[in-house]
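Colleague: My questions all concern the structure below.
Number of protein chains: 2
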Amino acid sequence: MNKARTDAVDLNVLAEQPPAVPESFRNCEFVFLANTAPSLQMKLLDPLAHRSFVAADTMNLWIETASEDLKQLLQRIDLLILNDGEAKLLTGQHNLVSAAKSILDMGPRFVVIKKGEHGSMLYDAAGNIFLLPAYPTAVVIDPTGAGDSFAGGMMGHLSQSGTVDVISLRNAMVYGTVMASFTIGDFSIHGIKTATREMIDERFDRLRKITQF
Amino acid sequence: MNKARTDAVDLNVLAEQPPAVPESFRNCEFVFLANTAPSLQMKLLDPLAHRSFVAADTMNLWIETASEDLKQLLQRIDLLILNDGEAKLLTGQHNLVSAAKSILDMGPRFVVIKKGEHGSMLYDAAGNIFLLPAYPTAVVIDPTGAGDSFAGGMMGHLSQSGTVDVISLRNAMVYGTVMASFTIGDFSIHGIKTATREMIDERFDRLRKITQF
Chain A
1 MNKARTDAVD LNVLAEQPPA VPESFRNCEF VFLANTAPSL QMKLLDPLAH RSFVAADTMN
61 LWIETASEDL KQLLQRIDLL ILNDGEAKLL TGQHNLVSAA KSILDMGPRF VVIKKGEHGS
121 MLYDAAGNIF LLPAYPTAVV IDPTGAGDSF AGGMMGHLSQ SGTVDVISLR NAMVYGTVMA
181 SFTIGDFSIH GIKTATREMI DERFDRLRKI TQF
Chain B
214 MNKARTDAVD LNVLAEQPPA VPESFRNCEF VFLANTAPSL QMKLLDPLAH RSFVAADTMN
274 LWIETASEDL KQLLQRIDLL ILNDGEAKLL TGQHNLVSAA KSILDMGPRF VVIKKGEHGS
334 MLYDAAGNIF LLPAYPTAVV IDPTGAGDSF AGGMMGHLSQ SGTVDVISLR NAMVYGTVMA
394 SFTIGDFSIH GIKTATREMI DERFDRLRKI TQF
């Protein structure tokens, strides 16, 4: 289940104009641009004048069909979150360490490369690295939404902590990993819907225990 | 470079009788049975009366052609070290967490599954887990020998520490990972030949720094 194969893409509402950002959202400091056309992602960014940290997701479709827009977007965000296949496609680099460095050269201060069951990696422009295994899961029901859960958990922790530094970013990735582990354990949102704060923190602590030396 | 494809196997000396174990080796407590026919691995084990911890490597060829011998061997060793593809082939399990558990059911107290650029995982019969990313390497010249370097670094640390417990096993895997990172950086043994103790400990410390949270 570690490689995605695109059979077809139907953009539905994603092909339309971006929705108006509600007034109550306009003072957001931490912004996550979920995967859609880079041109729409940029339009969503404009009304958010108080943004201090912007992360974005993307996919193979935009890398292949909207690369100029994507390059512009990369100049305007702080963090790009993408998977290993997308990182290779975007950079032409087969080695993920090299791919991460190439992405940082394109603009963002941070890049997170997700590797599904093999975990995730954070690289920043200052040369800092963080490598995190996935939460071990014997039963994988459906990986759909794992990437969005990862990004959501990550952004949730960053906005709660209010600061972006080496420690908060690492902890944010761990929360993202934990949220994704709940998502893949069931269909739809059932896995995360039933996850309590206590269950989340339990997996956070366990992931620390099984990775420290 | 993360998947091995077997084009041909020529066993050469591995098809012969096992060499006589020299007298000076007979009091070894820590034994590593490098990859060869499981029947030969067992014969090499017999003269080592003082063995207290035995690790073994294996490969797809023996899983496919000598599974009965391999099952006997697994009853006589403490640790099996194998890669992800071999673990799936041996157990019929696609999920590596499940595969690790199946291997422990076959006999060994410990199993290490190597995942190349994605790191390695340790499972033990008591339910302990350790997950370790690979040392990040932008330049990979030749992965030949990475697995043997990993096993060598691991066994070297275990025999030096003299004990096998959760801590020594974790540190041993880190040393194995570091040794493999030197091996893949050059052809033949050039990468490890020039690695000093200081260089090894430097990578050990760096791997800790970039994985802790």
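First to last, the protein sequences are chains A and B. The opening residue of the first sequence carries number 1 in my numbering; numbering runs sequentially from there. The opening residue of the second sequence carries number 214 in my numbering; numbering runs sequentially from there. Ideal placement from N, C-alpha and C gives every residue a C-beta, glycine not left out.
(1) Cutting at 8 angstroms between CB atoms, please list the residues of its own chain near Phe25 (chain A), excluding the five before and the five after it.
(2) Using a Cβ-Cβ cutoff of 7 angstroms, what residues of the segment 343-360 of chain B are near chain E? List them in chain order.
(3) Who are the Cβ neighbours of Ser265 (chain B) in its own chain at under 6 angstroms, not counting the five residues just before and after it?
(4) Count the other C-beta atoms from every protein chain shown that fall within 10 angstroms of the C-beta of Gly375 (chain B), then say buried if there are 16 or more, exposed otherwise.
(5) In the DSSP assignment, what are the bridge partners of Val324 (chain B)?
(6) Which bits of chain B does Thr263 (chain A) rub up against, with CB to CB less than 7 angstroms?
(7) What residue range is occupied by the uninterrupted alpha helix (DSSP H) comprising Val282 (chain B)?
(8) Near Ser181 (chain A), which residues of its chain fall below 8 angstroms by C-beta distance, leaving aside the five closest residues on each side in sequence?
(9) Taking contact to mean 3 or more Cβ pairs, one atom from each stretch, closer than 8 angstroms, check whether the segment 333-343 of chain B and the segment 374-391 of chain B are in contact.
(10) Which residues of chain B have a Cβ atom closer than 7 angstroms to the Cβ of Gly156 (chain A), listed in chain order?
(11) With a CB to CB cut of under 8 angstroms and the five nearest residues on each side skipped, what residues in its chain are close to Glu198 (chain A)?
(12) Please report how far the alpha carbon of Asn273 (chain B) lies from the alpha carbon of Thr177 (chain A), in whole angstroms.
(13) I need the boundaries of the beta strand (DSSP E) containing Asp270 (chain B), first residue and last residue.
(14) Between His331 (chain B) and Phe150 (chain A), what straight-line distance do the alpha-carbon atoms span, to the nearest angstrom?
(15) Secondary structure at Phe417 (chain B), three-state DSSP: helix, strand or coil?
(16) What are the uninterrupted segments assigned as alpha helix (DSSP H) that are 4 or more residues long and contained completely in the segment 159-187 of chain A, given in chain order?
(17) As a quick exercise: from B:Ala228, B:His370, B:Pro356, pick the residue whose alpha carbon is nearest that of Ser401 (chain B).
(18) Rounded to a whole number of angstroms, what is the C-alpha to C-alpha distance between Leu345 (chain B) and Glu16 (chain A)?
(19) Candidates B:His403, B:Asn248, B:Thr424, B:Ile316: which alpha carbon is nearest Pro231 (chain B)'s?
(20) Quick one: Cα of Gly366 (chain B) to Cα of Ser372 (chain B), how far?
(21) Which word fits Thr271 (chain B), buried or exposed, when buried means at least 16 other C-beta atoms lie within 10 angstroms of its C-beta?
(22) Which one of B:Gly298, B:Pro235, B:Lys314, B:Ser280 has the shortest CA to CA distance from Arg218 (chain B)?
Modeller: Quick look at the numbers:
(1) Leu48
(2) Given the protein chain composition of this structure (A and B), no chain E is represented.
(3) Glu242
(4) exposed
(5) B:Leu293, B:Tyr336
(6) The structure shown has nothing for residue 263 (chain A), since chain A only spans 1 to 213.
(7) Looking at the sequence provided, one finds Asp at residue 282 (chain B) rather than Val. Note, Asp282 (chain B): alpha helix (DSSP H), 280-287.
(8) Ala134, Tyr135, Thr137, Arg203
(9) yes
(10) Result: empty, since nearest Cβ-Cβ is about 16 angstroms, beyond 7 angstroms.
(11) none
(12) 32 angstroms
(13) 266-270
(14) 19 angstroms
(15) helix
(16) 166-183
(17) B:Pro356
(18) 44 angstroms
(19) B:Asn248
(20) 10 angstroms
(21) buried
(22) B:Gly298
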